[in-house]
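Student: Numbering (the working numbering), first residue to last: 285 to 701.
Glycine included, each C-beta is placed from N, C-alpha and C at the ideal position.
Note that the structure is a prediction, hence the values are computed from the model and not measured.
Have a look at this one before I ask anything.
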């Protein structure tokens, strides 16, 4: 049997439990997921020559890393070729492209420094998301940026954030697609602080100044992202979960962004998604894979990845959750890392769409927990692989052939860098 014949049989099986797989496939093709540019060059960017800082770390030295905008764009094109689904492109401010020896610091960046990225996205029918880069810079003083007690340092980073609002508006105007602009810093302390409130008050004021920069709230969506700790920031993080949620809840137009690697190891973002959806009309999500800490391993089709997707779908929130990938692995082929992560999240979303959620909810409301367990276990053995294969076929990214293309690209392009 070929892919289409297997799918026809699977479609019949799913119909028996009330699932329309044709509708699920058609729906998934319309759901944008933001592809992060920084997997391709290990979060280095183009505006500095220094090391990666801010409490995050990339490990590995696999050959073929992109070192120029042209190489990074070519690599992204290769990822687009081997992954199904609707995509946006997620950029950090450190990926500004300067022409003819020009350089400006991050507080002075302008839309023109991202013109090539806009052209790239428009040619491929993609929207753009954006992130101010509050790390890997000499003005990250004593591990602090927006919360720094040094007025000069803090104001530099506030101006950077404002510039990024303007660039986000430019992205939205040019592409016609709303731009999610995420504010995350690694601000914190290595050891026990003497003052926890002061930095947070400065941080709050700084973010308020940034999001006060004029923008169309329907097209530019500022977010605040929390974190529990980072390397060298073990004892205190200014932008904690409580801070980020409280800020978003009290500032209209600002979204809470959850990264599933930014919490204590026993916490799961899948449980937090419906909690936030009860209060916020829209939330944002960074999908990663934490291994014991915020290690940003490549996303795979594991339990929590599936659970997060299930919560988004069963809450009927595909149009209320802005989804983006965020991980970086330098120990393996970077194109494959990108592709495996993107395909895994697509797989998780499609899997969630192929479940009889209304039936399961009804069983729960009737306190028929025996039936809930039986049906949820039965679903695990449905022929989902055949539905996934058909989705990939329709998108021109056959599940059996994409890795051969990655190997070809590695041999012909990456190995020559």
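By the three-class DSSP mapping on this structure, what secondary structure does residue 466 have?
Tutor: It is a strand residue.
Student: Identify, in the order they occur along the chain, each residue of the same chain with its Cβ nearer than 6 Å to the Cβ of residue 391, setting aside the five sequence neighbours on each side.
Tutor: For residue 391, where only same-chain residues beyond five positions count, the Cβ hits under 6 Å are 440, 443 and 444.
Student: Should residue 375 and residue 401 be called a contact, given that it needs their Cβ atoms to be closer than 8 Å?
Tutor: Taking 8 Å as the Cβ cut-off, residue 375 and residue 401 qualify as a contacting pair.
Student: Return the chain-ordered list of same chain residues with a C-beta closer than 7 Å to the C-beta of residue 668, the five sequence neighbours on each side being excluded.
Tutor: 635 and 638.
Student: Within this structure, are the beta carbons of residue 514 and residue 482 separated by less than 8 Å?
Tutor: Cβ atoms of residue 514 and residue 482: not closer than 8 Å.
Student: Around the Cβ of residue 447, are there at least 16 other Cβ atoms within 10 angstroms (buried) or fewer (exposed)?
Tutor: Per the 10 Å Cβ criterion, buried.
Student: Straight-line CA distance for residue 344 to residue 421?
Tutor: One C-alpha to the other measures close to 22 Å.
Student: Could you check whether residue 509 and residue 557 sit closer than 8 Å to each other, using their CB atoms as the reference points?
Tutor: Their beta carbons are not under 8 Å apart, which means residue 557 does not touch residue 509 by this criterion.
Student: Since residue 676 is in the alpha helix (DSSP H), which residue starts that stretch and which ends it?
Tutor: Note, residue 676: alpha helix (DSSP H), 668-678.
Student: Contact check, residue 685 vs residue 290 under 8 Å by CB: the rounded distance?
Tutor: With 8 Å as the limit, residue 685 and residue 290 do not qualify as a contact, their Cβ atoms being about 16 Å apart.
Student: Identify the continuous alpha helix (DSSP H) that holds residue 483 and give its terminal residues.
Tutor: Here the alpha helix (DSSP H) through residue 483 covers 481-495.
Student: Could you say which of 314, 664, 384 and 489 lies nearest to residue 603 if we only look at CA atoms?
Tutor: Residue 314 is the option with its Cα nearest to residue 603.
Student: Between 299, 318, 294 and 287, which has its C-alpha nearest residue 629's C-alpha?
Tutor: The residue with the shortest Cα to Cα distance from residue 629 is 318.
Student: I'd like to confirm the pairing. Which residues does DSSP put opposite residue 507 in its beta bridges?
Tutor: In the DSSP output, where bridge partners are listed per residue, residue 507 has 466 and 539.
Student: By the three-class DSSP mapping on this structure, what secondary structure does residue 604 have?
Tutor: Coil.
Student: Is it right to say residue 368 is buried, meaning 16 or more other beta carbons lie within 10 angstroms of its own, or is it exposed?
Tutor: Buried.
Student: In or out: residue 486 buried (at least 16 other Cβ within 10 Å) or exposed?
Tutor: Residue 486 is buried by the Cβ-count criterion.
Student: Using only CA atoms, which one of 675, 429, 589 and 418 lies nearest to residue 309?
Tutor: Residue 309 has its Cα closest to that of 675, out of 675, 429, 589 and 418.
Student: Where do the N-terminal and C-terminal ends of the alpha helix (DSSP H) with residue 360 fall, by residue?
Tutor: From DSSP, the alpha helix (DSSP H) with residue 360 extends over 353-366.
Student: Going along the chain, which residues of its own chain have a beta-carbon closer than 7 Å to the beta-carbon of residue 565, five neighbours each way excluded?
Tutor: Around residue 565: 604.
Student: Taking only three categories from DSSP, how would you classify residue 375?
Tutor: Strand.
Student: From the DSSP secondary-structure annotation, give me the bridge partner or partners of residue 316.
Tutor: 370.
Student: In angstroms with no decimal places, state the Cα-to-Cα distance between residue 575 and residue 511.
Tutor: C-alpha separation (whole angstroms): 15 Å.
Student: 8 Å is my cut-off, CB to CB: does residue 426 come that close to chain B?
Tutor: Looking for chain B here will not work: only one protein chain is present.
Student: Would you call the CB atoms of residue 545 and residue 583 closer than 8 Å?
Tutor: Not a contact, by the Cβ cut-off of 8 Å.
Student: Nearest CA to the CA of residue 342: which residue from 476, 616, 387 and 647?
Tutor: With distances taken between Cα atoms, residue 342 lies closest to 616.
Student: Going by C-alpha distance, which of 677, 524 and 327 is nearest residue 750?
Tutor: In the structure as shown, the chain starts at 285 and stops at 701, and residue 750 therefore has no counterpart that could be examined.
Student: Out of curiosity, what's the CA-to-CA distance linking residue 320 and residue 414?
Tutor: Near 10 Å, if we compare the C-alpha coordinates of residue 414 and residue 320.
Student: Compute the distance between the beta-carbons of residue 543 and residue 581, then report whether it is under 8 Å.
Tutor: It is not a contact, given that the beta carbons lie outside the stated cut-off.
Student: Taking the alpha helix (DSSP H) that residue 559 falls in, what are its first and last residues?
Tutor: That run of the alpha helix (DSSP H) goes 553-561.
Student: Do residue 323 and residue 618 have their C-beta atoms closer together than 8 Å?
Tutor: The answer is yes: Cβ separation under 8 Å.
Student: Less than 8 Å separating the beta-carbons of residue 505 and residue 463?
Tutor: Their beta carbons are under 8 Å apart, which means residue 505 touches residue 463 by this criterion.
Student: Is the CB-CB distance between residue 427 and residue 694 below 8 Å?
Tutor: Result no, Cβ atoms of residue 427 and residue 694 do not sit closer than 8 Å.
Student: Residue 312 and residue 633: beta carbons closer than 8 Å?
Tutor: Closer than 8 Å, so yes.
Student: Measure from the alpha carbon of residue 516 to the alpha carbon of each residue in 476, 532 and 500, then state which is nearest.
Tutor: Among 476, 532 and 500, the Cα nearest to that of residue 516 belongs to 476.
Student: Please confirm whether residue 305 and residue 292 have their CB atoms less than 8 Å apart.
Tutor: Cβ distance not < 8 Å, so residue 305 and residue 292 don't count as in contact.
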